[in-house]
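Let me begin by presenting the structure, written as structure tokens, before commenting on it.
Protein chains: 2
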Amino acid sequence: MRSAWSTEILLSVDRAALATLRGQLEHQLRAAIDGGRLQAGVVLPSSRELAAQLGLSRGVVVEAYEQLAAEGYLVSRRGSGTRVGRRPPAVRQSAGDHRLHAPAYAFDFKPGLPDLTLFPRRAWAACLQHAAARAAAPQLDYPDARGDETARRVLAHYLARARAAQAEASNLVLCSGYTQGLDLAARVFAERGVRRVAVEEPCFSGLWQSLQRLGLQTIHLAVDEDGLAVQQLERGAAQAVVVAPAHQFPTGAVLAPQRRTALVEWARRSGGWIVEDDYDAEFRYDREPMPALQGLAPDRVLYIGTASKILAPALRLGWMLTPPALTAAVAAMKQRVDRGAPAIEQRALARFVEGGALDRHLRAARPVYRRRHDTLLAALARSCIGGGVRGVAAGLHVMVELPRTTDEATVVHEAARRGVRVFGASAFWRDSTAAAPALVLGFGAIAESRIADGIARLADAVEQARGAGRRPLGVEQRRRETV
Amino acid sequence: MRSAWSTEILLSVDRAALATLRGQLEHQLRAAIDGGRLQAGVVLPSSRELAAQLGLSRGVVVEAYEQLAAEGYLVSRRGSGTRVGRRPPAVRQSAGDHRLHAPAYAFDFKPGLPDLTLFPRRAWAACLQHAAARAAAPQLDYPDARGDETARRVLAHYLARARAAQAEASNLVLCSGYTQGLDLAARVFAERGVRRVAVEEPCFSGLWQSLQRLGLQTIHLAVDEDGLAVQQLERGAAQAVVVAPAHQFPTGAVLAPQRRTALVEWARRSGGWIVEDDYDAEFRYDREPMPALQGLAPDRVLYIGTASKILAPALRLGWMLTPPALTAAVAAMKQRVDRGAPAIEQRALARFVEGGALDRHLRAARPVYRRRHDTLLAALARSCIGGGVRGVAAGLHVMVELPRTTDEATVVHEAARRGVRVFGASAFWRDSTAAAPALVLGFGAIAESRIADGIARLADAVEQARGAGRRPLGVEQRRRETV
Numbered sequence: 002m003r004s005a006w007s008t009e010i011l012l013s014v015d016r017a018a019l020a021t022l023r024g025q026l027e028h029q030l031r032a033a034i035d036g037g038r039l040q041a042g043v044v045l046p047s048s049r050e051l052a053a054q055l056g057l058s059r060g061v062v063v064e065a066y067e068q069l070a071a072e073g074y075l076v077s078r079r080g081s082g083t084r085v086g087r088r089p090p091a092v093r094q095s096a097g098d099h100r101l102h103a104p105a106y107a108f109d110f111k112p113g114l115p116d117l118t119l120f121p122r123r124a125w126a127a128c129l130q131h132a133a134a135r136a137a138a139p140q141l142d143y144p145d146a147r148g149d150e151t152a153r154r155v156l157a158h159y160l161a162r163a164r165a166a167q168a169e170a171s172n173l174v175l176c177s178g179y180t181q182g183l184d185l186a187a188r189v190f191a192e193r194g195v196r197r198v199a200v201e202e203p204c205f206s207g208l209w210q211s212l213q214r215l216g217l218q219t220i221h222l223a224v225d226e227d228g229l230a231v232q233q234l235e236r237g238a239a240q241a242v243v244v245a246p247a248h249q250f251p252t253g254a255v256l257a258p259q260r261r262t263a264l265v266e267w268a269r270r271s272g273g274w275i276v277e278d279d280y281d282a283e284f285r286y287d288r289e290p291m292p293a294l295q296g297l298a299p300d301r302v303l304y305i306g307t308a309s310k311i312l313a314p315a316l317r318l319g320w321m322l323t324p325p326a327l328t329a330a331v332a333a334m335k336q337r338v339d340r341g342a343p344a345i346e347q348r349a350l351a352r353f354v355e356g357g358a359l360d361r362h363l364r365a366a367r368p369v370y371r372r373r374h375d376t377l378l379a380a381l382a383r384s385c386i387g388g389g390v391r392g393v394a395a396g397l398h399v400m401v402e403l404p405r406t407t408d409e410a411t412v413v414h415e416a417a418r419r420g421v422r423v424f425g426a427s428a429f430w431r432d433s434t435a436a437a438p439a440l441v442l443g444f445g446a447i448a449e450s451r452i453a454d455g456i457a458r459l460a461d462a463v464e465q466a467r468g469a470g471r472r473p474l475g476v477e478q479r480r481r482e483t484v
Numbered sequence: 002m003r004s005a006w007s008t009e010i011l012l013s014v015d016r017a018a019l020a021t022l023r024g025q026l027e028h029q030l031r032a033a034i035d036g037g038r039l040q041a042g043v044v045l046p047s048s049r050e051l052a053a054q055l056g057l058s059r060g061v062v063v064e065a066y067e068q069l070a071a072e073g074y075l076v077s078r079r080g081s082g083t084r085v086g087r088r089p090p091a092v093r094q095s096a097g098d099h100r101l102h103a104p105a106y107a108f109d110f111k112p113g114l115p116d117l118t119l120f121p122r123r124a125w126a127a128c129l130q131h132a133a134a135r136a137a138a139p140q141l142d143y144p145d146a147r148g149d150e151t152a153r154r155v156l157a158h159y160l161a162r163a164r165a166a167q168a169e170a171s172n173l174v175l176c177s178g179y180t181q182g183l184d185l186a187a188r189v190f191a192e193r194g195v196r197r198v199a200v201e202e203p204c205f206s207g208l209w210q211s212l213q214r215l216g217l218q219t220i221h222l223a224v225d226e227d228g229l230a231v232q233q234l235e236r237g238a239a240q241a242v243v244v245a246p247a248h249q250f251p252t253g254a255v256l257a258p259q260r261r262t263a264l265v266e267w268a269r270r271s272g273g274w275i276v277e278d279d280y281d282a283e284f285r286y287d288r289e290p291m292p293a294l295q296g297l298a299p300d301r302v303l304y305i306g307t308a309s310k311i312l313a314p315a316l317r318l319g320w321m322l323t324p325p326a327l328t329a330a331v332a333a334m335k336q337r338v339d340r341g342a343p344a345i346e347q348r349a350l351a352r353f354v355e356g357g358a359l360d361r362h363l364r365a366a367r368p369v370y371r372r373r374h375d376t377l378l379a380a381l382a383r384s385c386i387g388g389g390v391r392g393v394a395a396g397l398h399v400m401v402e403l404p405r406t407t408d409e410a411t412v413v414h415e416a417a418r419r420g421v422r423v424f425g426a427s428a429f430w431r432d433s434t435a436a437a438p439a440l441v442l443g444f445g446a447i448a449e450s451r452i453a454d455g456i457a458r459l460a461d462a463v464e465q466a467r468g469a470g471r472r473p474l475g476v477e478q479r480r481r482e483t484v
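Protein sequence lines correspond, in order, to chains A and B. Those letters in the first sequence? Residues 2 to 484, per our numbering, in order. Those letters in the second sequence? Residues 2 to 484, per our numbering, in order.
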């Protein structure tokens, strides 16, 4: 068997086969074109080259090319060689290739996203370009599992000054975002004998499922206006707790100072671990953000931050500040699961932060979000939606309570009929039947000028849903403003 | 308590505290500078700004700045504001911040690495820059867990033409390299009831430990000149097998055609899964590379490829072709562990491949590695090392058997003393005592001109080790050339 791998195409002919050599060659080329391996316009080797590579007489290749040209598979032109023709190949449709195309909404209140049109493309592109073009050979090797040294130093400095974290480059592990950070932490916990992890109720959907799939038992603790009900930790026998002290999702609560202290005391007393989800702490509109909890207890808190909300989720960049006792284990886990984060992007991030581009971006983005937040709250106050707005002026979403008699799913459905995308909050409860009807409204993906109209339509949807509700109208309308 | 978060620094003063406001401010600034949160050269807000933000009289801030300037913490200059001074902060040294600095070797035969100086920096940087600058807002959102659609289409086309894979964009899942691909596959297997996974003996160290840590039982099958001893699968009750058919590490064996067929038949008959590690298949020097096994049985083979050997490990880019029956589960696992690979890098890769830069790079790199390979083999043949060279002319390493009486560790040690870094092969066996003494020599990281001298020194080290060996000299010197 002789073969050629010309222009990276695998072709071979087998002299022992029954088919003629020309027939084999034709068959293989047809199959390659039909199968999409050779696409229209690709230049084939000259008949002389291919014949030499395959150990065939040139005439065999010429004849095969001529036959395929006659069939439309190939196009030969004097001076420009032989190319694959435009004849559509037999299309291989795959049932698996369906994408969920979300219907377009006139008013999109999807939570959990920053405004992606604000992403500083040029500055980021320049940092990437710079990092790649200057990457020295050792930086192209397998990275330190914790991440590039320069990137860790710069990020540690950023977290210290912006989040008052006790950040040191040595304890920083770069990862691909909050999700991976949590996966790494949970796997390290599981290996160290942690069996029970407390989570907030409600919280990001997927959080407790991920923990449970790793064999961990989850304990669901309430969240009120002061954040996680830390006192419940004492009863639960949890060995670790996942908490978002700066701005809880979806309630928008901030962990109260006395609870921060109590949480740290619990961790110190019980030897428990705290996972701090600091996902959108950079956006606080009414006052200074709370410092990171990690700064109070760097020995007990595993801090996870992400670029998803301050820049863009597609970057898949995150960072963990690990308690010194866990650093080696987290780094080893990172090494085991993917051998470390991409180095060029880390150096780009370092340049982006060190050069002030991140500060500039945040300074530009904050007032935009703040105006959207204020516009949204004003629109909600004017509307007859009736429930209260929970949480502080921060982040990229608010939670709106609906009148108790309203069916949440009906509101979401009626809103969608009016071109408004909203999310029911019950999806974020483990026990959704226990959840009071509420909506989570994101303002990262909607222009300020669209908000009032969107809320007016939403109010209409709520009204419609209340009319359709099974329970009688007119019951007490709780107003629990914690803004 | 009033605070300011100017230039992302957390500062606050508490009117209820016993310390004077000025004292508090000074203390916090000192701590921020000592702790590294504020570094030399950082510009502070003007006294007027900071006073307004903190709700203090300007005089308090002026006095605090003056005191800190006197102490060297700050430098004030008319017209350029107040900056953090060059006074070295109290350094917080961390015991955890030790990096293993490998000693520099005059001759480095480290395996598993391409020549990083060949990395096409400029072309890659241009692709990254282009992808980032043109990223539309939807591309900056959380990505499809399988990866960017364009990147999958381009890569599927590449794998079809270059590796004769039955690649479709819908079944492709982008990941961060072979390590993550294997972790995802193993976790999916474990969830689907797979308990026993066969691996090659010897193989990449870490492979079976990773599987075992996920609760899977590993079955270790021999590798000979024809690759994995597929016939042993029949006895072992394995439900999946991890194999490197194109170029096995460390033996360099290629899976023989009849074994490829037998392996696929085993999978079809038993319902077993095959994980194909195609890690350096693009580098074959003596003949055409074997097509990917996946092309024979896309329904049973989970194919994993990586940019680590053809470009650079630091990119952390890999790809999996998943059997259609597993695609959804693998994508869901990728979603769960890290919500998908970074999108800008994927689009950069797509541009790099589609624009022909990858083909150009491979065409340039192949002859470089081929010459190093041939030079290495010639030097080994001239040397008196005595053992045979195993494996085919491919990839980035060869395995060299040592005379049976030689102690492998002594050779590695004696070589290091002579400035030559080589790796003993026994580390790649589960049962290293069963391994015949051998070395794995990489030629990715050593210049062609250094190879002959390095091997001469290595021969000297082997000679020394044989003299130091416990067993008598002069025994039969096997020569099992399978090149």
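By construction, the Cβ of each residue, glycine as well, lies at the ideal position given by its N, Cα and C atoms.
Asked, Found
"Exposure label - P368/B; buried when at least 16 CB within 10 Å", "exposed"
"C-beta contact flag for D279/A and R371/A at 9 Å", "no"
"Inter-residue CB distance, T83/B and R340/A (contact presumed, cutoff 8 Å)", "Actually they are not in contact, since the Cβ atoms of T83/B and R340/A sit about 44 Å apart, beyond 8 Å."
"Local Cβ density within 10 Å of D287/A, reported as buried at 16 or more and exposed below that", "exposed"
"Per-residue DSSP class, three states only, for A395/A", "strand"
"CB contact below 9 Å: V211/B versus chain A", "Checking the sequence, you will find Ser at residue 211/B rather than Val. Yes, its Cβ sits closer than 9 Å to a Cβ of chain A."
"Candidates A436/B, A349/B, A446/B: closest to H131/B by CA position", "A349/B"
"Segments of 4+ residues assigned as alpha helix (DSSP H) that fall wholly inside the segment 239-279 of chain A", "258-271"
"Helix, strand or coil at Y286/B according to DSSP, with G and I counted as helix", "coil"
"Delimiting residues of the alpha helix (DSSP H) encompassing V61/A", "59-71"
"9 Å Cβ cutoff, F190/B in contact with chain A", "no"
"Under the three-state DSSP convention, the category H102/B falls into", "Residue confidence is low: H102/B scores 37 on pLDDT, short of 50, so the model does not pin down where it sits. Its coordinate-derived value is still stated next. Looking at H102/B - three-state DSSP - the assignment turns out to be coil, as it is neither helix nor strand."
"Neighbour flag for W320/B against chain A, beta carbons, 9 Å", "no"
"Sequence-distant residues of the same chain with beta carbon closer than 7 Å to A223/B, five excluded per side", "E202, A230, Q233"
"Status (buried if at least 16 other CB within 10 Å, exposed otherwise) for G296/A", "buried"
"Buried versus exposed call for R162/B [16 or more other C-beta atoms within 10 Å across all chains shown]", "buried"
"Contact under 9 Å by Cβ, A254/A with D225/A", "yes"
"Range of the contiguous beta strand (DSSP E) that encloses S48/A", "First-last for S48/A: 48-55, but that is the alpha helix (DSSP H), not the beta strand (DSSP E)."
"Neighbourhood of Y106/A by C-beta, 7 Å cutoff - its chain only, sequence neighbours within 5 removed", "G420, V421, R422"
"Neighbour-count burial assignment, E525/B, 16 or more Cβ in a 10 Å radius", "Absent from the model: residue 525/B. The displayed extent of chain B is 2 to 484, so no value can be given."
"Given L69/B as reference, the closest of R49/B, L381/B, L45/B once Cα atoms are compared", "L45/B"
"Chain-ordered chain B contacts of G341/A [CB-CB under 8 Å]", "R317"
"Between the CA atoms of G182/A and E544/A - distance to the nearest angstrom", "This structure gives no information on residue 544/A, because the portion of chain A shown stretches from 2 to 484."
"CB contact check: W125/A to chain B, cutoff 9 Å", "yes"
"Chain-order list of residues whose beta-carbon lies under 8 Å from that of A457/A (same chain, five-residue window excluded)", "A380, S384"
"Per DSSP, cross-strand counterpart(s) of R422/A", "D109/A"
"Partners in chain A for Q140/B, counting only beta-carbon separations shorter than 8 Å", "A315"
"Beta-carbon contacts of P299/A that lie in its chain and below 6 Å, excluding the five residues immediately before and after", "Q167"
"First and last residue of the uninterrupted alpha helix (DSSP H) at V331/B", "325-339"
"Nearest to T219/A (by Cα), restricted to the options V302/A, D454/A, A124/A, V243/A", "V243/A"
"Touch test, the segment 133-152 of chain A against the segment 132-140 of chain B, Cβ-Cβ under 8 Å, three pairs minimum", "no"
"Buried or exposed (CB count within 10 angstroms, at least 16 for buried), P90/A", "Per-residue confidence for P90/A stands at a pLDDT of 38, beneath the threshold of 50, marking its modelled position as unreliable; the derived number appears in the next sentence. With 16 or more Cβ atoms within 10 Å of its Cβ, P90/A is classed as buried."
"Cβ contact (3+ pairs, closer than 8 Å) linking the segment 398-410 of chain A and the segment 301-308 of chain A", "no"
"For L173/B: DSSP bridge partner residues", "L322/B"
"Start and end residues, alpha helix (DSSP H) containing Q347/A", "344-355"
"Touch test, the segment 142-151 of chain A against the segment 255-272 of chain A, Cβ-Cβ under 8 Å, three pairs minimum", "no"
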